[in-house]
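In this note's numbering, the protein residues as written are 53 to 704.
The structure is reproduced here in structure tokens:
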């Protein structure tokens with residue numbers, strides 16, 4: 053292709069010659085000739101000069117010679133002020149330095165009174181379809197001015213396209229050769245316009261797409277639509293992303309396509325199908341046939357294998373993983389995508405640098421927990437402690453050994469569920485685990501849920517039942533679906549406290565209300581069975597739960613009321629957290645364990661109240677403080693205060 057500026061200068065010269073032959077004369081002839089002389093001097097063709105960027109843009113977007121001439125005509129005035137001056141002289145107005153439709157057609161050698169200009173410069177023409185060219189409004193057709201968006205002008209000038217609306221959505225991908233990458237690559241080679249990858253949280257969809265582009269030797273521009281402001285016009289940003297990918301000669305990967313509104317933003321899919329570059333859309337939702345008349349190539353993404361996940365962690369962290377067997381076990385249980393693994397590794401290094409220490413297993417766990425649990429949902433996130441390992445652990449649970457062993461087994465299953473799934477034993481159901489915690493208030497159910505999340509290095513999301521249960525028919529199911537979808541989008545533990553208020557027993561249908569209540573329970577049973585995350589249900593009254601829930605529970609753990617030896621351990625555990633105790637008024641743990649028949653949560657409240665009273669009196673905690681707090685706790689619970697006379701404080 054010849055130098056486009058040289059060709060434009062020749063056409064400008066021809067346009068000026070036509071005006072000079074006018075019988076009335078052309079008043080700007082001399083000025084125009086001077087401008088052409090400057091342009092000819094500035095753009096003298098160098099035989100060794102590389103091909104202009106216009107050639108690559110023309111090839112990628114499928115432009116013919118006339119389209120390329122129109123595009124260059126529109127951008128040349130932005131690249132050289134003398135070209136803009138020549139346009140104003142030809143148009144006879146110093147205020148019009150951009151080419152009009154009439155002038156652009158003249159310089160491109162196209163007639164004005166034919167359908168061709170409308171086809172080339174209309175909304176369906178390649179130039180405007182791919183947003184390479186813009187027309188001003190509302191002037192008459194031939195008077196409308198042509199302009200080129202800044203990213204396009206930058207590329208045609210030899211630079212790179214920058215678009216803030218697109219760049220703020222960009223994310224780096226980690227290419228992996230996983231199952232499905234080969235299918236995507238072959239589809240792109242055969243010109244499939246759109247490939248739809250269904251991928252839930254922690255699955256391999258994004259890495260699969262990036263791996264397919266890597267197999268073809270292509271780069272890709274990846275943007276996350278979930279980071280785009282809601283209601284701000286996704287179709288516009290998607291079109292601009294497709295343009296920027298084409299200007300770079302890259303493919304396009306769209307992540308988070310589930311945010312596209314089915315009814316108002318269907319233009320997104322039309323834009324993707326007409327893009328000039330290969331497009332892979334990754335979504336947690338299945339393809340909706342109403343979005344387009346044509347089905348895209350649909351690929352289902354599976355989870356990253358244990359081996360791939362291990363290799364990705366090692367590649368990101370180096371020897372830290374191999375040096376800590378417990379850390380390696382924890383990391384393999386985290387259902388993070390390859391990109392989240394890379395981000396968690398980066399964040400661990402940031403934490404290490406900020407705290408002036410080496411990257412350790414605790415820092416990696418903290419970073420993984422932050423990354424895996426980031427995001428918003430209709431569940432309330434129960435944030436962990438600031439430092440890794442600072443949250444409650446198994447040492448903080450004072451429970452019978454068989455209960456603790458069951459909880460440890462739940463943690464172990466959670467870490468190895470993907471390995472079991474890889475053997476094909478979970479076919480036809482979700483890969484998640486569900487546990488039911490039963491027991492009286494204060495026996496440690498909520499604390500145990502925190503411990504499970506802490507041991508797995510993930511966040512605990514506690515469902516706010518007041519925002520879920522709705523008196524209107526069908527609304528409770530919708531609210532719960534949003535909760536489950538939010539939990540599936542993150543690597544978290546979903547915790548339903550006092551679940552009997554929501555997961556009640558189905559009853560005999562006496563009226564319409566009973567029928568719809570039973571439908572809610574049936575929906576929950578089905579949804580839990582196909583949930584891929586970890587769900588913990590807590591209830592004080594197990595008998596209120598529908599029996600069908602028991603079959604769907606991987607674990608049912610009963611937290612018994614503590615006996616005297618267990619209460620003694622609880623007293624010792626909570627008192628040990630106080631900085632000092634009054635040696636002159638020692639706390640009689642054995643006597644308290646025998647006389648005070650309360651649960652662990654109540655004992656903790658008593659110790660905490662004792663600490664408050666002691667600090668207020670500027671004293672160390674002694675038996676007198678504990679006894680006073682015990683009486684107050686019994687009264688708060690509405691229970692009869694036991695005889696504590698034999699425990700009267702000694703000394704002070």
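By construction, the Cβ of each residue, glycine as well, lies at the ideal position given by its N, Cα and C atoms.
All figures in this text were calculated on a predicted structure; none of them were measured in a lab.
Quick check: residue i and residue j, are their CB atoms within less than 9 Å of each other?
i: residue 330; j: residue 254; result: no
i: residue 325; j: residue 300; result: no
i: residue 551; j: residue 512; result: no
i: residue 386; j: residue 404; result: no
i: residue 169; j: residue 175; result: no
i: residue 375; j: residue 332; result: no
i: residue 248; j: residue 273; result: no
i: residue 185; j: residue 200; result: yes
i: residue 236; j: residue 275; result: no
i: residue 663; j: residue 586; result: no
i: residue 424; j: residue 611; result: no
i: residue 287; j: residue 323; result: yes
i: residue 71; j: residue 81; result: yes
i: residue 592; j: residue 493; result: yes
i: residue 443; j: residue 505; result: yes
i: residue 670; j: residue 681; result: no
i: residue 389; j: residue 488; result: no
Classify residue i as buried or exposed, calling it buried when 16 or more other Cβ atoms lie within 10 Å of its own Cβ.
i: residue 395; result: buried
i: residue 182; result: buried
i: residue 391; result: buried
i: residue 279; result: exposed
i: residue 211; result: exposed
i: residue 657; result: buried
i: residue 378; result: exposed
i: residue 296; result: buried
i: residue 327; result: buried
i: residue 727; result: In the structure as shown, the chain starts at 53 and stops at 704, and residue 727 therefore has no counterpart that could be examined.
i: residue 626; result: buried
i: residue 243; result: exposed
i: residue 57; result: buried
i: residue 350; result: exposed
i: residue 64; result: buried
i: residue 711; result: Beyond the ends of the chain as shown, which are 53 and 704, falls residue 711; an answer cannot be given.
i: residue 683; result: exposed
i: residue 213; result: buried
i: residue 528; result: buried
Work out the CA separation of residue j and residue i for me, nearest whole Å.
i: residue 142; j: residue 294; result: 35 Å
i: residue 409; j: residue 136; result: 59 Å
i: residue 259; j: residue 358; result: 15 Å
i: residue 457; j: residue 695; result: 36 Å
i: residue 561; j: residue 578; result: In this predicted model, residue 561 has a pLDDT of only 42, less than 50, meaning its place in the structure is not dependable enough to derive any value.
i: residue 110; j: residue 257; result: 32 Å
i: residue 532; j: residue 581; result: 14 Å
i: residue 546; j: residue 120; result: 56 Å
i: residue 462; j: residue 250; result: 29 Å
i: residue 78; j: residue 90; result: 20 Å
i: residue 693; j: residue 609; result: 31 Å
i: residue 622; j: residue 652; result: 6 Å
i: residue 261; j: residue 335; result: 12 Å
i: residue 418; j: residue 509; result: 7 Å
i: residue 725; j: residue 630; result: Because residue 725 is not part of the residues shown, which for the chain are 53 to 704, the question remains open.
i: residue 172; j: residue 153; result: 11 Å
i: residue 61; j: residue 88; result: 7 Å
i: residue 460; j: residue 361; result: 23 Å
i: residue 113; j: residue 203; result: 15 Å
i: residue 413; j: residue 502; result: 20 Å
i: residue 507; j: residue 544; result: 12 Å
i: residue 144; j: residue 84; result: 11 Å
i: residue 223; j: residue 353; result: 19 Å
i: residue 535; j: residue 422; result: 19 Å
Does residue i get closer than 9 Å to chain B when you measure Cβ to Cβ?
i: residue 671; result: Absence of chain B from the displayed structure is noted, only one protein chain being present.
For the segment 661-680 against the segment 636-647, are there 3 or more C-beta pairs whose distance is under 8 Å? By the Cβ rule, the segment 661-680 counts as touching the segment 636-647, because three or more pairs are nearer than 8 Å.
Could you tell me which whole alpha helix (DSSP H) segments of length 4 or greater appear in the segment 284-317? Whole alpha helix (DSSP H) segments, 4+ residues: 286-300.
Write down every uninterrupted run of the alpha helix (DSSP H) in the segment 85-173 whose length is 4 residues or greater and which is fully enclosed by it, in chain order. As far as the segment 85-173 is concerned, its whole alpha helix (DSSP H) runs of at least 4 residues are 105-113, 117-131, 133-143, 153-160 and 167-173.
Unbroken beta strand (DSSP E) runs of length 3 or more, entirely within the segment 576-637: which are they? Entirely contained in the segment 576-637, the beta strand (DSSP E) runs reaching 3 residues are, in chain order, 586-591 and 607-611.
Decide yes or no for the touch test of the segment 230-246 against the segment 366-373: beta carbon pairs closer than 8 Å, at least 3 of them. The segment 230-246, when compared against the segment 366-373, does not touch it at the 8 Å Cβ threshold.
If you pair each beta-carbon of the segment 121-131 with each one of the segment 141-161, do three or more pairs fall below 8 Å? Yes, the segment 121-131 touches the segment 141-161.
What residue ranges within the segment 183-251 form continuous beta strand (DSSP E) runs of no fewer than 3 residues, ordered along the chain? Taking 3 residues as the minimum length, the beta strand (DSSP E) runs contained wholly in the segment 183-251 are 246-250, in order along the chain.
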